[in-house]
Amino acid sequence: DPKIIQKPKYLVAVTGSEKILICEQYLGHNAMYWYRQSAKKPLEFMFSYSYQKLMDNQTASSRFQPQSSKKNHLDLQITALKPDDSATYFCASSQERTGPNERLFFGHGTKLSVL
Amino acid sequence: GDSVTQTEGLVTLTEGLPVMLNCTYQSTYSPFLFWYVQHLNEAPKLLLKSFTDNKRPEHQGFHATLHKSSSSFHLQKSSAQLSDSALYYCALSDCYGSSGNKLIFGIGTLLSVKP
Numbered sequence: 001d002p003k004i005i006q007k008p009k010y011l012v013a014v015t016g017s018e019k020i021l022i023c024e025q026y027l028g029h030n031a032m033y034w035y036r037q038s039a040k041k042p043l044e045f046m047f048s049y050s051y052q053k054l055m056d057n058q059t060a061s062s063r064f065q066p067q068s069s070k071k072n073h074l075d076l077q078i079t080a081l082k083p084d085d086s087a088t089y090f091c092a093s094s095q096e097r098t099g100p101n102e103r104l105f106f107g108h109g110t111k112l113s114v115l
Numbered sequence: 116g117d118s119v120t121q122t123e124g125l126v127t128l129t130e131g132l133p134v135m136l137n138c139t140y141q142s143t144y145s146p147f148l149f150w151y152v153q154h155l156n157e158a159p160k161l162l163l164k165s166f167t168d169n170k171r172p173e174h175q176g177f178h179a180t181l182h183k184s185s186s187s188f189h190l191q192k193s194s195a196q197l198s199d200s201a202l203y204y205c206a207l208s209d210c211y212g213s214s215g216n217k218l219i220f221g222i223g224t225l226l227s228v229k230p
């Protein structure tokens, strides 16, 4: 059984629209993250949360807003979608914030295509 | 800033031959290095991580040695198996430097093992 559930698996959106990517983890972890992988680029860190508080934000655009309604949830709201936002978005978690001894567990990703 | 460079693109091997996937890094401090593996239609998962005491981590026949002199953490296996076909990511964590508490990933190397 997957321990980190991302919904939906595939998502097609039109330019200018808004979408929410869902992430739930059932590992009892205290830290959650969002990473993005665009075509021909590395996995790119976006956000980290610890105990439902934003710890690090490496996303320049305010169009990307993480939302944590529960400790094991970290959704990602994206507004005013652009074709450049097309990517696979991975949710991840770790027992505590990423550090030398922390192992990240990833979800399967949501593949977003913006037309 | 911190960065990770991997063998780009596709590496194709015949089953039974040795595997070596290159990973070099740039970091102001002394980072910890990781290898993550993503099989088709699965989530990325941790394969190996470097130790602080220069021990060589091993898992599923894979090993990697952190060489600070050459800033490298190459992934090796003596004999490739068909099931090793996957996307391999090298990543670093430098919680004392500019990377803060997040992982910096390389672009990933796709390993294809043929019979």
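Sequence lines, in order, name chains A and B.
The first sequence begins at 1 in my numbering and counts up one residue at a time.
The second sequence begins at 116 in my numbering and counts up one residue at a time.
Note that the Cβ used here is the ideal one computed from N, Cα and C, for glycine as well.
These figures come from a predicted structure and were not determined experimentally.
Below 8 angstroms on the Cβ atoms is my contact criterion, and I expect residue i with residue j to pass it. Report the Cβ-Cβ distance as a whole number of Å.
{"i": "M32(A)", "j": "S93(A)", "result": "5 angstroms"}
{"i": "C138(B)", "j": "V119(B)", "result": "7 angstroms"}
{"i": "E123(B)", "j": "V228(B)", "result": "18 angstroms between Cβ atoms; not a contact."}
{"i": "S187(B)", "j": "P133(B)", "result": "Incorrect: roughly 17 angstroms between the Cβ atoms, too far for contact."}
{"i": "L234(B)", "j": "F45(A)", "result": "With chain B represented from 116 up to 230, any question about residue 234(B) goes unanswered, as that position is not in the structure."}
{"i": "Y204(B)", "j": "G176(B)", "result": "Incorrect: roughly 18 angstroms between the Cβ atoms, too far for contact."}
{"i": "L207(B)", "j": "P146(B)", "result": "4 angstroms"}
{"i": "E18(A)", "j": "T110(A)", "result": "E18(A) to T110(A), Cβ: 15 angstroms. No contact."}
{"i": "H108(A)", "j": "P2(A)", "result": "7 angstroms"}
{"i": "L76(A)", "j": "L21(A)", "result": "4 angstroms"}
Under 9 angstroms Cβ-Cβ, which residues of chain A neighbour residue i?
{"i": "G223(B)", "result": "Q37, P42, L43"}
{"i": "Y203(B)", "result": "Neighbours of Y203(B) on chain A: none; closest Cβ ~12 angstroms, over 9 angstroms."}
List the residues of chain A that residue i touches, going by C-beta distances under 8 angstroms, in chain order.
{"i": "K160(B)", "result": "F105, F106"}
{"i": "E157(B)", "result": "H108"}
Check for me: the beta strand (DSSP E) holding residue i runs from which residue to which?
{"i": "I222(B)", "result": "Per DSSP, I222(B) belongs to no beta strand (DSSP E) and is neither H nor E."}
{"i": "G124(B)", "result": "124-129"}
{"i": "A13(A)", "result": "10-13"}
{"i": "Y51(A)", "result": "It is not in any beta strand (DSSP E) - Y51(A) carries neither H nor E in the DSSP assignment."}
{"i": "F149(B)", "result": "147-153"}
{"i": "L162(B)", "result": "160-164"}
{"i": "S178(B)", "result": "What sits at residue 178(B) in the sequence shown is His, not Ser. Looking at the DSSP string, the run of the beta strand (DSSP E) that includes H178(B) is 177-179."}
{"i": "Q6(A)", "result": "4-7"}
Against residue i, what residues of chain A qualify as contacts under a CB-to-CB distance less than 7 angstroms, listed in chain order?
{"i": "F220(B)", "result": "P42, L43"}
Per DSSP, which residues does residue i bridge with? Please list them.
{"i": "E44(A)", "result": "R36(A)"}
{"i": "L136(B)", "result": "L190(B)"}
{"i": "S94(A)", "result": "A31(A)"}
{"i": "H73(A)", "result": "E24(A)"}
{"i": "T88(A)", "result": "Q37(A), K111(A)"}
{"i": "S118(B)", "result": "Q141(B)"}
{"i": "P66(A)", "result": "L76(A)"}
{"i": "E157(B)", "result": "Bridge partners of E157(B): none, in fact."}
{"i": "S227(B)", "result": "T127(B)"}
{"i": "E18(A)", "result": "Its beta-bridge partners do not exist; DSSP assigns none."}
{"i": "E102(A)", "result": "Partner(s): none; E102(A) has no beta bridge."}
Item to complete: Go through the stretch 182-216 of chain B residue by residue and report every complete run of the beta strand (DSSP E) that reaches 3 residues or more, in order.
Response: DSSP runs (the beta strand (DSSP E)) wholly in the stretch 182-216 of chain B: 190-192, 201-208.
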